[in-house]
Amino acid sequence: MPPTKQELSLLINPLVPESLQHNNRTLSSLHSLTSFLLGLTAGILSLQSATGFLFYLLGTVLVSALFHALLLYRSGGLGAGVYFAGANGEIEGMDERGVVGGKKPRGWMMLRRAAWRDVWFGGGVLGEALSGFVLGWAGVGGVLR
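Per this note's numbering, the sequence shown starts with residue 94, numbered consecutively.
Here's what the structure looks like:
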């Protein structure tokens, strides 16, 4: 049976599971800490209802954009696919035979499909980080009133 596209992409550009776990844990810690700090700030500013959640959304977008810019800088423009698996670890531009096309100015560039989603939506942005935001927001808001 011929190897799948995912298996071929992992053979060409392997991912180390321990490194992926570390990167995902770091991203989750970053989002959790900044969400809690955004919650504290929203409570201090006495933001209520939709303005508080809009503050969270804008703060999260800003932090994710800064983190993504850092990844672009550190990877030499290759993007988040260097540090995160993306969609099942598949590489963009690979055909069924495992041939990666597209010679770029800096040699062969292999980009992992949808790895940017790990940066923008991973790390519990809509899960545990949101609960940390609400906890900080309600806690400080309740104490100050």
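We treat Cβ as the ideally placed atom computed from N, Cα and C, and that holds for glycine. Everything numeric in this text was worked out from a predicted model, so none of it was measured.
Non-local beta-carbon contacts of Gly225 in its own chain, meaning distances under 6 Å to residues more than five positions away in sequence, involve Ser125, Ser128, Phe129 in chain order.
The three-state reading of DSSP puts Leu155 in helix, counting H, G and I together. Counting only residues of its own chain and dropping the five nearest sequence neighbours on each side, Leu237 has a CB closer than 8 Å to the CB of Gly136, Ile137, Ser139. DSSP places Ser168 outside any alpha helix (DSSP H), giving it a letter other than H or E. In the three-state DSSP reduction, Leu140 falls in the coil class, being neither helix nor strand.
Distance from the CA of Gly220 to the CA of Ala173, rounded to the nearest whole angstrom, comes to 21 Å. The C-beta distance from Leu133 to Gly216 rounds to 19 Å, too long to meet the 8 Å contact threshold.
Distance between Thr153 and Phe146, taken at the CA atoms: about 10 Å.
Judged by their CB atoms, Phe177 and Val212 are nearer to each other than the 8 Å cut-off. Secondary structure at Pro110: helix, using DSSP grouped into helix, strand and coil. In this structure, the alpha-carbon of Ala158 lies about 33 Å from that of Thr97.
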